[in-house]
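Student: Numbering (my numbering), first residue to last: 311 to 501. Every residue, glycine too, gets a C-beta built ideally from N, C-alpha and C.
This is the structure:
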């Protein structure tokens with residue numbers, strides 16, 4: 311069923327299309343989402359979709375870029391805090407983000423499962439920024455340790471996996487998710 315057409319500014323229309331796409335990709339595999347459906351839900355022509363995005367793949371990649379940028383913005387550390395408080399605050403922000411933007415987080419998770427090099431590069435860059443933020447807060451001698459770097463890369467991925475599991479099951483509390491992730495990090499950084 312076609313939505314009634316509504317005139318929006320180009321930026322507002324683009325945001326609308328990305329939000330619709332994010333919700334659809336969150337619920338269905340990539341191959342089951344159709345550009346025509348996105349256009350229909352937005353009340354625009356398929357041609358307008360292609361005006362904004364050259365292909366379905368480009369559309370999906372832009373969803374990944376937008377969601378990754380939002381996550382990085384939301385979880386930006388307050389560098390005036392001690393490292394443990396920075397990490398805890400960033401984790402709290404990420405957990406809140408997963409609740410408030412569940413469709414975006416689910417879309418990113420689906421993107422992680424695709425073999426597309428550009429999409430993988432977007433997601434890898436986000437994970438690397440998160441790792442670097444934590445490394446930057448650690449003492450210099452720890453920052454250069456390859457084991458620590460590897461542990462942090464794994465922890466950032468662990469947090470994403472735990473939050474996805476939590477969204478799916480809701481079998482533990484938000485506080486349990488936070489405590490589990492922080493305990494895992496403490497264990498990884500113990501020397």
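Give me the Cα-Cα distance between residue 370 and residue 328, rounded to the nearest whole angstrom.
Tutor: Their Cα atoms are separated by approximately 8 Å.
Student: Which residues mark the beginning and the end of the alpha helix (DSSP H) in which residue 360 is found?
Tutor: Note, residue 360: alpha helix (DSSP H), 356–362.
Student: Hey, could you find the ends of the alpha helix (DSSP H) residue 418 is sitting in?
Tutor: That run of the alpha helix (DSSP H) goes 412–423.
Student: Where does the unbroken alpha helix (DSSP H) through residue 391 begin, and where does it stop?
Tutor: Unbroken run through residue 391: none, as it is neither H nor E.
Student: Can residue 432 be considered in contact with the ligand SAM, in the sense that its beta carbon sits closer than 8 Å to one or more heavy atoms?
Tutor: By its list of ligands, the structure shown contains no ligand whatsoever, and the ligand SAM lies outside what it can speak to.
Student: Using CA atoms only, rank isn't needed, just tell me which of 421, 321 and 324 is closest to residue 337.
Tutor: Ranking the options by Cα distance to residue 337, first place goes to 421.
Student: Run through DSSP, which three-state label would residue 366 get?
Tutor: In the structure shown, residue 366 sits in a helix (DSSP, three-state: H, G or I).
Student: For residue 411, is the classification buried or exposed, using 16 other Cβ atoms within 10 angstroms of its Cβ as the cut-off for buried?
Tutor: Result: buried.
Student: Out of curiosity, what's the CA-to-CA distance linking residue 493 and residue 434?
Tutor: Roughly 24 Å separates the two Cα atoms.
Student: On the three-state DSSP scale, how would you describe residue 376?
Tutor: DSSP places residue 376 in helix when its eight states are reduced to three.
Student: Rounded to the nearest angstrom, what separates residue 319 and residue 460 at their Cα positions?
Tutor: Each residue's alpha carbon lies about 44 Å from the other.
Student: Given residue 443, which residues of its chain have a CB within under 6 Å of its CB, disregarding the five upstream and five downstream residues?
Tutor: Result list for residue 443: 387, in chain order.
Student: Between the C-alpha atoms of residue 562 and residue 463, what's the straight-line distance to the nearest angstrom?
Tutor: The question about residue 562 has no answer here: the residues shown for the chain are numbered 311 through 501.
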